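Numbering of the sequence shown is given in our numbering, commencing with residue 821 and proceeding in unit increments.
From the three backbone atoms N, C-alpha and C, an ideal C-beta is built for every residue, glycine too.
Only a predicted model underlies this, so the values are computations on that prediction, with no experimental measurement involved.
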Amino acid sequence: MAKRNRGTLKNYFRQGAMPSAEHFSDLIDSSVNKIEEGFDKTPEQGLKIAALDTHARLMTFYRDSDPSRALWSVSLQPDSDLLRINRHTGDGQDTLTDAAPLLTLTPDGRAGINTTTPRHALDVNGVIGAQGRVGAQWADRLPADGEWHDLTPQLEGCQAFEVVAGVGIRHSGRYALIHAIVLNTCAPSGFLFNFFNRKNRISAHHAYYHSRADKLTLRWLRDDTPADGHDGIRPYRLQIRTHTSYGDGIVIRYHLTRLWHDAYMHNSQLPTDEE
821 MAKRNRGTLK
831 NYFRQGAMPS
841 AEHFSDLIDS
851 SVNKIEEGFD
861 KTPEQGLKIA
871 ALDTHARLMT
881 FYRDSDPSRA
891 LWSVSLQPDS
901 DLLRINRHTG
911 DGQDTLTDAA
921 PLLTLTPDGR
931 AGINTTTPRH
941 ALDVNGVIGA
951 QGRVGAQWAD
961 RLPADGEWHD
971 LTPQLEGCQA
981 FEVVAGVGIR
991 HSGRYALIHA
1001 IVLNTCAPSG
1011 FLFNFFNRKN
1021 RISAHHAYYH
1031 SRADKLTLRW
1041 LRDDTPADGH
1051 DGIRPYRLQI
1061 RTHTSYGDGI
1071 VIRYHLTRLW
1081 HDAYMHNSQL
1091 PTDEE
């Protein structure tokens, strides 16, 4: 049996015609069957689509109704439930396994661009072009009052951040910017053991307009080890301040980007079967 267009089907059942069993079969095959076609629509769930076979596509997009020249497709991987948006060559020669995945979404909330195995919340296998980049802010307001204020919550282990911060008063000539890479490995302390803080570096670049007194400064502050802890737990925080007060109502603006994500170097330990 075959699927027919509307004009052909109407011709089968025009006034005075005698439709045959084959014509009725064509009518049935040309209609949508929710079970066999694999999709349905309900008010609660909207459009529901199910793959008809283990490696079948959910959707395929064509130009000019040419079924031999697929341009894009959406597929659901049977072994991992990955949802992929694939691009095709459009020459009609590639299969689902040949398709290049442009976007991959995982059940645990990861997204990959040009990769089938995203390892992070957003994993891009390519070059990123952007007009700007902004980190995060842990504290809402940091007064520019010349006092030390926490840039981070309490930290442990090995940490690395990029810091960009600024403060100023418009038309006053008092402006300051700082860009720094800050590193810390378990907060080494002691005058001789960590001579001049050489073991937990803060590499900063400064810019200011009027006076050095307007500059911003960063430091690592070692917290006390918890009473129920041991010497291996050495908490610390990153702090910032202005050299002098900018007056009431002036705050430090900053962006903080984490550069290291393995505080106690767990990933440096190879699995037993790889040693």
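| field | Span separating the alpha-carbon of T924 from that of H1075 | value | In the sequence shown, residue 924 corresponds to position 104, counting from 1. In the sequence shown, residue 1075 corresponds to position 255, counting from 1. So the two alpha carbons sit approximately 29 Å from each other.
| message | Taking the straight line between their C-alpha atoms, what separation do you get for L867 and K861? | response | To locate residue 867, count along the sequence shown from 1; it is residue 47. To locate residue 861, count along the sequence shown from 1; it is residue 41. Going by the C-alpha atoms only, they are around 4 Å apart.
| What are the boundary residues of the beta strand (DSSP E) that L922 is part of? | By 1-based counting over the sequence shown, the position of residue 922 is 102. It spans A920 to L925 - the beta strand (DSSP E) in which L922 sits, taken as one unbroken run.
| query | Are W892 and A980 close, meaning C-beta to C-beta below 8 Å? | reply | Indexing the sequence shown from 1 puts residue 892 at position 72. Indexing the sequence shown from 1 puts residue 980 at position 160. No. Outside cutoff.
| query | The beta strand (DSSP E) with K868 in it runs from where to where? | reply | Position 48 of the sequence shown, counted from the start, is the residue given in the question as residue 868. From DSSP, the beta strand (DSSP E) with K868 extends over G866 to I869.
| request: Count the other CB atoms, across all protein chains shown, that sit within 10 Å of the CB of T972; report buried if there are 16 or more and exposed otherwise. | output: Residue numbering aside, residue 972 sits at position 152 when the sequence shown is read from its first letter. Answer is buried; the Cβ neighbour count reaches 16.
| Per DSSP, what kind of secondary structure is H969 in: helix, strand or coil? | Here residue 969 is taken as the residue at index 149 of the sequence shown, counted from 1. Note: H969 maps to strand in three-state DSSP.
| Closer than 7 Å: R1054 CB and nearest the ligand ADP heavy atom | This structure lacks the ligand ADP, and indeed carries no ligand of any kind.
| said: In the DSSP output, which residue or residues are listed as bridge partners for S893? | reply: To locate residue 893, count along the sequence shown from 1; it is residue 73. Note: S893 sits in a beta bridge opposite T880 and N906.
| task | Using only alpha-carbon positions, find the residue among C1006, F833, Q951 and D1068 that is nearest to G988. | result | As a position in the sequence shown, residue 988 is number 168, starting the count at 1. Minimum Cα distance to G988 is reached at D1068.
| Start-to-end residues for the beta strand (DSSP E) that takes in N945 | For the purposes of this step, residue 945 is identified with residue 125 of the sequence shown, where counting begins at 1. Looking at the DSSP string, N945 is not in any beta strand (DSSP E), and its letter there is neither H nor E.
| said: Just to confirm the assignment, what range does the beta strand (DSSP E) spanning K1019 have? | reply: One-based indexing of the sequence shown puts residue 1019 at position 199. That residue, K1019, is in no beta strand (DSSP E); it is neither H nor E in DSSP.
| message | Taking the straight line between their C-alpha atoms, what separation do you get for I1022 and W968? | response | Taking the sequence shown and counting its residues from 1, one reaches residue 1022 at position 202. Taking the sequence shown and counting its residues from 1, one reaches residue 968 at position 148. Cα-Cα distance, rounded: 16 Å.
| query | Can you give the beta carbon distance from V983 to A964, rounded, assuming they're within the 8 Å contact cut? | reply | Working through the sequence shown from its first residue, we reach residue 983 at position 163. Working through the sequence shown from its first residue, we reach residue 964 at position 144. The Cβ separation is near 16 Å, so there is no contact.
| When the Cα of Y882 is compared with those of S1088, G910 and R834, which residue comes out closest? | For the purposes of this step, residue 882 is taken as the residue at position 62 of the sequence shown. Comparing Cα positions, the closest option is G910.
| field | Buried or exposed by the 16-neighbour rule on C-beta atoms within 10 Å, applied to L872 | value | As a position in the sequence shown, residue 872 is number 52, starting the count at 1. Per the 10 Å Cβ criterion, exposed.
| message | With the cut-off set at 8 Å, would you say L975 and P1055 are in Cβ contact? | response | As a working note, residue 975 is residue 155 in the sequence shown. As a working note, residue 1055 is residue 235 in the sequence shown. Yes. Within cutoff.
| Backbone CA spacing between R990 and D1082 [nearest angstrom] | Here residue 990 corresponds to residue number 170 of the sequence shown, with the count starting at 1. Here residue 1082 corresponds to residue number 262 of the sequence shown, with the count starting at 1. Between R990 and D1082, the C-alpha separation is close to 41 Å.
| query | Does the Cβ of S840 have 16 or more other Cβ atoms within 10 Å, making it buried, or fewer, making it exposed? | reply | Numbered from its first residue, the sequence shown carries residue 840 at position 20. Exposed, by the Cβ-count rule.
| message | Less than 8 Å between the beta carbons of G986 and R1073, yes or no? | response | For this step, residue 986 is matched to residue 166 along the sequence shown. For this step, residue 1073 is matched to residue 253 along the sequence shown. Going by C-beta atoms, G986 is nearer than 8 Å to R1073.
| field | Under 8 Å between C-beta atoms of V1071 and L942 | value | For the purposes of this step, residue 1071 is taken as the residue at position 251 of the sequence shown. For the purposes of this step, residue 942 is taken as the residue at position 122 of the sequence shown. Cβ distance not < 8 Å, so V1071 and L942 don't count as in contact.
| said: Please identify the residue among D846, A837 and I1060 whose C-alpha is closest to the C-alpha of R826. | reply: Within the sequence shown, numbered from 1, the residue matching residue 826 stands at position 6. The residue with the shortest Cα to Cα distance from R826 is D846.
| query | L997 and A959 look like a contact to me (Cβ under 8 Å); what is the Cβ gap, rounded to whole Å? | reply | The residue labelled residue 997 in the question sits at position 177 within the sequence shown. The residue labelled residue 959 in the question sits at position 139 within the sequence shown. Incorrect: roughly 18 Å between the Cβ atoms, too far for contact.
| task | Report the partner residues of G986 according to the DSSP bridge assignment. | result | Along the sequence shown, one-based indexing puts residue 986 at 166. Note: G986 sits in a beta bridge opposite L997 and R1073.
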